[in-house]
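Residue numbers (UniProt numbering): 1 to 139.
So this is what it looks like as structure tokens:
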């Protein structure tokens, strides 16, 4: 009667547990056969060539102060400040429009009169054309 209801047959979890244990043991034996890890690492600090004379000067000043090693966060923040100063210096040399971040035209009309026209250009027209050329180069 028990066999007709399929109670106590091979569908019980016991064979699954046995199979799982065999798989775990096989994995463990495979891991045991691996070579032991080696922890013989050599740490070398690379020499950086930044190319920026201001950064190099600040690093030599701190190196002369003693034999202590400077914190990398301090070095990074100082380098970032130097880069920011250089950007601000470059921005000050640009035009006021760029400094104030004014909007610039998206579409530029670059139509100029041809320099050799049948009726020659007057002095005023030539001056206007030179001004137009300068505006185009600035934009």
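The C-beta atom is built at its ideal place from N, Cα and C for all residues, glycine as well.
Per DSSP, the continuous alpha helix (DSSP H) segment holding residue 79 begins and ends at 72 to 92. One alpha carbon belongs to residue 31, the other to residue 41, and they sit about 23 Å apart. Distance from the CA atom of residue 97 to the CA atom of residue 135, rounded to whole angstroms, is 13 Å. For residue 95, the secondary structure class from DSSP, reduced to helix, strand or coil, is coil.
CA-CA distance, residue 124 to residue 138, rounds to 21 Å.
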